[in-house]
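To keep things clear, I will list the structure first and then write my remarks on it.
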Amino acid sequence: MTVCIDKPTKKRRAARLAVTGFGREGREQGVVTKVKDDLNYAFIRCCDRPDPAFFHFNDIEGNAAANGDEVEFNVGEGKGDGRLTAKRVTKLPHGTVGFER
1 MTVCIDKPTK KRRAARLAVT GFGREGREQG VVTKVKDDLN YAFIRCCDRP DPAFFHFNDI
61 EGNAAANGDE VEFNVGEGKG DGRLTAKRVT KLPHGTVGFE R
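Quick note: the sequence shown uses full-length UniProt numbering, first residue 1, plus one each step.
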């Protein structure tokens with residue numbers, strides 16, 4: 001980050017900010033199911049919800065997913081259709097995700 005002076009207002013402001021990581025608040029876990037490689041999307045069986053979450057491969061690290069991948073993600077609502085959408089999907093080590101019986 002750099003602090004500079006805004007010429008018109010003469011006020012100090014931050015510049016050249018960089019995201020160094022994301023917080024874990026609001027993150028959920030699950031397992032990837034129903035991968036559609038030809039269409040670049042998949043679904044996640046969520047640990048804390050009965051409905052699956054949909055995600056595009058551009059929302060996961062490496063832009064690819066496989067059945068059985070354990071993941072962590074944020075949940076939002078899809079555009080207009082109301083289905084759950086997973087964002088900022090990251091893969092977890094095998095054995096991390098657990099489901100209650």
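Glycine included, C-beta positions come from ideal geometry on N, C-alpha and C. Predicted model only: the values in this text are computed from it and were never measured.
Query - CA-to-CA distance, L84 to V71, given in whole angstroms - result: Along the sequence shown, read from residue 1 onward, the residue named residue 71 stands at position 71. Along the sequence shown, read from residue 1 onward, the residue named residue 84 stands at position 84. Those two C-alpha atoms are separated by around 15 Å.
Requested in this report: For the beta strand (DSSP E) holding T33, just list the boundary residues, first then last.
Outcome: Looking up residue 33 in the sequence shown gives position 33. Here the beta strand (DSSP E) through T33 covers E28 to K36.
Report task. Return the residue from the list Q29, F54 and P50 that minimises the CA-CA distance to E77. Result -> Counting from one through the sequence shown, the residue named residue 77 turns up at place 77. Closest in C-alpha terms to E77, from the list Q29, F54 and P50, comes F54.
Query raised in the report: What number of angstroms, rounded off, separates the C-alpha of K91 from the C-alpha of K36?
Result: Position 91 of the sequence shown holds residue 91. Position 36 of the sequence shown holds residue 36. The alpha-carbon atoms of K91 and K36 are separated by roughly 17 Å.
Query raised in the report: In chain order, what residues of the same chain have a beta carbon less than 8 Å from the beta carbon of K34, not counting five sequence neighbours either side?
Result: In the sequence shown, counting from the first residue as 1, residue 34 sits at position 34. Around K34: A42, F43, P52 and N67.
Query raised in the report: What first and last residue would you give for the beta strand (DSSP E) that runs through K87?
Result: Position 87 of the sequence shown holds residue 87. Residue range L84 to K91 is occupied by the beta strand (DSSP E) that includes K87.
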